[in-house]
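Under UniProt numbering, the first residue of the sequence shown carries the number 1, and numbering increases by one thereafter. Note that beta-carbon positions come from the ideal geometry of N, C-alpha and C, so glycine has one too. Note that this is a predicted model, so its numbers are computed, not measured. Structure first, commentary second.
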Amino acid sequence: MSTTTAIPPKSERARLLALVKRKPGISKEDFCEYWWKTHAPMLLGIMPEPGYLKVDQMHINDEINAQFAELGAKTTSEWDGAAVIEAASWDDIFKIMGDEEYLKARKEDEAKFVDADATLLIPVVNINFINN
1 MSTTTAIPPK
11 SERARLLALV
21 KRKPGISKED
31 FCEYWWKTHA
41 PMLLGIMPEP
51 GYLKVDQMHI
61 NDEINAQFAE
71 LGAKTTSEWD
81 GAAVIEAASW
91 DDIFKIMGDE
101 EYLKARKEDE
111 AKFVDADATL
121 LIPVVNINFI
131 NN
């Protein structure tokens, strides 16, 4: 009998999960609105080829978070949102994120509203069980 732990299969796409925290002094509402209406469209407008295949933002719902906490669930107040970025390969993600113009614009804009020291980038494998 094997004693090695099975690892999940590789995804057909490269996926990066980003846990994002707002910069101190910025309200949650201002953070969410800027991230959604200004930051994302700006970056998508200058994204170099080959481009991402999918980008999803997820904004933490504080009301629902509090309801889960009342049920005894461990919840988060560490981050204000998450994003999932998908590309055809890790090479594509690194090519895009390393592009000089894209990197400069991203860092300059994120300095306005993101706590870069608290933001985490996590490479993930997606294993889908239900997709209705």
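In the same chain as LEU43, and ignoring 5 residues on each side of it, the C-beta atoms closer than 8 Å to its own belong to TYR102, ALA105, ARG106 and ASP109, in chain order. Residue state for ARG15 is assigned as strand, using DSSP reduced to three classes. Under DSSP, GLN57 forms a beta bridge with ALA83. Three or more beta-carbon pairs separated by less than 8 Å link the stretch 55-66 to the stretch 74-89, which places the two stretches in contact. Restricted to the UniProt domain "EthD" (23-116), the alpha helix (DSSP H) segments that are unbroken, complete and at least 4 residues in length are 28-34, 40-46, 62-70, 90-98 and 100-110, listed in chain order.
The way I'd put it, the stretch 18-27 does touch the stretch 114-121; three or more beta-carbon pairs between them come closer than 8 Å. The beta carbon of ALA88 lies closer than 8 Å to those of ARG13, ALA14, PRO50 and LEU53 in the same chain, with the five residues before and after it left out. In terms of Cα proximity to PRO24, the closest of ASN132, PHE129 and PHE113 is PHE113.
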